Every structure is written in structure tokens, then in C-alpha cells.
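These notes are about the structure you will find just below.
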Amino acid sequence: MELLRSQVMPIPSHALAAMAAVVLGGAQLASAKGTARHRTLGWAWVGLMTYVAISSFFISELKLWGAFSPIHVLSIWTLFSLVTAVYCARQGNYRLHKIWMVLLYILALLVTGVFTLWPGRVMHGVLFGV
391 MELLRSQVMP IPSHALAAMA AVVLGGAQLA SAKGTARHRT LGWAWVGLMT
441 YVAISSFFIS ELKLWGAFSP IHVLSIWTLF SLVTAVYCAR QGNYRLHKIW
491 MVLLYILALL VTGVFTLWPG RVMHGVLFGV
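Residues 391 to 520 in the working numbering are what the sequence shown spells out, letter by letter.
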């Protein structure tokens, strides 16, 4: 964790928010839907994901197009998907809400998370000590 704390902002808070979103999102997907608890934790998850997506624009380790990389395209998709998923829930379209949220969890957190574990990246060093 010292390696993570030694990084420039917003990398430490971005990584911690993403890790919290993985845990909270997994709990959300496994728990009962439509309850007050689900809504409260859902809004917390949306907040975490919003922070993760926005803070990514201030991280430029991989530069492909100026200061940006393909991960930033995913960040734009994440923000669009969050709005769409919340809109679906507010309109009572829970089937589409579920689809968007599951896609967000898998693509924006799990798949992206695997890429952060690439050798030479910060999270690889944090988790594997290399």
C-alpha cells in the first residue's frame, strides 16, 4: 500500500474508489433488489463510479492520443452508462437498468481492473510487490 500512497493524486484515491466499487458492486449484484438498502448502496456505487471515471481524466500514464488513452474512452462510456442506468431505474425499466449495471460492473471495473495488474503498472506493484 505504500507504493499506492506514494503516487501523485488522483491515483491513490482513484484506485481506492475503484476497489471500493468492486466490493460494493459485487455486494449489490448479489443482494435483494428494490429495497431501500439497494437504492442507498446503489447511489453510493454510482458516486464511486462517477469519481473513478472523472478522476481517470487526470491520470495520463498511458499516452496514445496526447494525454489520453483508450481507457479514457471507457471513462466516457462509463459516465454515459451511469446516466442511462439511473434513468432506466427512474423510469421503472428495471430489466434495462440491470443490464446497464451488470455491463458497467464487468467492463468498467473487472475488465479494466485486469489491465491495471499488467506488469509495470502501479496496481501490479501494489498487489504483487514488484
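Where is the CB? At the ideal position from N, CA and C, for every residue including glycine.
Just so we're clear, the structure is a prediction, and the values are computed from it rather than from any experiment.
Item: Member of 510, 445 and 498 whose CA lies at the smallest distance from the CA of residue 400; Value: 445
Item: Among 404, 393, 412 and 440, the one whose alpha carbon lies nearest that of residue 475; Value: 440
Item: Nonlocal neighbours in the same chain, by C-beta distance under 7 Å from residue 499, ignoring five residues either side; Value: 408, 411, 412 and 415
Item: Stretch-stretch touch, CB-based, cutoff 8 Å, three pairs: the region 495–509 with the region 426–434; Value: no
Item: C-beta contact flag for residue 443 and residue 465 at 8 Å; Value: yes
Item: Whole-angstrom C-beta distance between residue 449 and residue 487, which should lie under 8 Å; Value: That belief does not hold up - the Cβ atoms of residue 487 and residue 449 are roughly 29 Å apart, past 8 Å.
Item: Collapsed DSSP secondary structure at residue 488 in the structure displayed; Value: helix
Item: Cβ neighbours of residue 506 in the same chain (closer than 7 Å, five flanking residues each side left out); Value: 513
Item: Residue 468 versus residue 394: straight-line alpha-carbon distance, rounded; Value: 24 Å
Item: Which of helix, strand or coil DSSP assigns to residue 508; Value: coil
Item: Same chain, Cβ closer than 7 Å to residue 479, five either side skipped, listed in chain order; Value: 487
Item: Sub-8 Å separation of residue 472 and residue 436 beta-carbons; Value: yes
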